[in-house]
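Set out below in structure tokens:
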């Protein structure tokens, strides 16, 4: 028997903040380490290494914050629309690296805020299905505001993580407690229900497909 997640607004806000901090703390910590090297080292090679580390980490931290602003933040007043071109830009900055590529086939339009937030959060869900990296392809399905999305990931050791389907459906994981990792798919499910979309996940070979359609 499944149990519905019962989470008050304060706990939801706290866990989402923890999730954002978790994503940003690593590159910010690397910047601090790089600055310490600049202070302590006289070796030109080490200083060059530190400057490169600071530059790359600052870029990564900025990309993650820009993504979080759209995926989790208010991004404008209630009922606002978001340019899917802006969503693509922050998605590429957040996801693409030497292990993971993103193929974006979503037309550039002004779309309802929560629908764009749903798409960005689904991209985070998609990354969890390819823990060793790979390819993520996202495309729009259907027409206009009633249309949905199809996300397909391919990579070695692809999987549908335990409890993911249940968390998307609003079901509590075994033990009932949510942490900063579990809150993200739960929040994605909240966005899906708020916008009238349901999810269908399938795993075949090294590919996982996430189909997002009107419930």
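Numbering (this note's numbering), first residue to last: 845 to 1059.
Beta carbons are placed, not taken as given, at the ideal position from N, Cα and C, and that holds for glycine.
How close, in whole Å, do the beta carbons of residue i and residue j come, if the pair is a contact with beta carbons under 8 Å?
i	j	result
residue 905	residue 964	So it is not a contact: roughly 18 Å between Cβ atoms.
residue 1025	residue 849	Contact doesn't hold; Cβ gap of about 14 Å is too wide.
residue 993	residue 1012	Between residue 1012 and residue 993 the Cβ distance is about 14 Å, and since that is not below 8 Å, they are no contact.
residue 874	residue 911	Wrong, their Cβ atoms sit about 18 Å apart, outside the cutoff.
residue 1014	residue 1033	5 Å
Name the two residues that bound the continuous alpha helix (DSSP H) containing residue i.
i	result
residue 969	957-972
residue 1045	No alpha helix (DSSP H) contains residue 1045, which is instead part of the beta strand (DSSP E) from 1041-1048.
residue 996	First-last for residue 996: 992-998, but that is the beta strand (DSSP E), not the alpha helix (DSSP H).
residue 880	853-884
residue 906	888-915
residue 1022	Where residue 1022 is concerned, there is no enclosing alpha helix (DSSP H), given that its DSSP letter is neither H nor E.
I need the straight-line Cα distance from residue i to residue j, nearest angstrom please.
i	j	result
residue 967	residue 978	13 Å
residue 1046	residue 974	13 Å
residue 800	residue 895	Only positions 845 to 1059 of the chain appear in this structure, which leaves residue 800 out of reach.
residue 887	residue 893	10 Å
residue 889	residue 1000	36 Å
residue 1049	residue 1002	8 Å
residue 865	residue 949	30 Å
residue 998	residue 852	36 Å
residue 885	residue 908	29 Å
Taking 8 Å as the CB-CB limit, is residue i close to chain D?
i	result
residue 972	The question asks about chain D, but that chain is absent: this structure has only one protein chain.
Let me confirm a value: residue i is counted as buried when at least 16 other C-beta atoms fall within 10 Å, else exposed. Which label applies?
i	result
residue 832	In the structure as shown, the chain begins at 845 and stops at 1059. Residue 832 is therefore absent and cannot be evaluated.
residue 960	buried
residue 869	exposed
residue 1006	exposed
residue 863	buried
Starting from residue i, follow the beta strand (DSSP E) in both directions and report where the run begins and ends.
i	result
residue 926	925-927
Is it true that the segment 972-991 meets the segment 950-962, where meeting means three or more beta-carbon pairs spaced less than 8 Å apart? yes
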